[in-house]
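Residue numbers for the sequence shown follow the working numbering, beginning at 26 and rising by one. Note sheet for the following structure.
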Amino acid sequence: MHSITKTHTPFSSDYKEYPYWWDHLEKIDLTGLDIKRQAEVVIIGSGYTALSTALTLIRSGMDVLILEAKSAGYGASTRNAGMVSGVLKPTFKQLTKKYGSDDARNIFKQSRITHKIRPA
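Here you go:
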């Protein structure tokens, strides 16, 4: 893990390089755990999308195995909120340049429908 030097940084003295809520979790040692070798679906990673997918599949009766190299949510999901908001990251101008104005408009429209955002 990259370490940030606290000298001359904008961070407060209690800054941590991991989510604060991890301080309140019981650490579970999985060393030597017998992991099943077969599943209908194997999901690599344990971020928001992976866990949501796993939960949906499990609720539908599928046998799911989640593999994670670090700890649950270690990657982007714990560092940048995993883009869980209804706001698109690219601007309309960026989308228009890449896909054209009709497709950009449709992308924004679909985002608003998906996230139940009312037009401005």
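Glycine included, each C-beta is placed from N, C-alpha and C at the ideal position.
Simplified DSSP assignment, three categories, for I132: helix
Can the beta-carbon of A97 be found closer than 7 Å to that of S71? yes
Helix, strand or coil: which one does DSSP assign to L82? helix
Round the Cβ separation of I53 and A75 to the nearest angstrom and send it over; I've been treating them as touching at under 8 Å. Between A75 and I53 the Cβ distance is about 19 Å, and since that is not below 8 Å, they are no contact.
Output the boundary residues of the beta strand (DSSP E) element that contains L92. V89 to L92
Could you check which residue in K122, Y73 and L120 has the C-alpha nearest to that of G100? Y73
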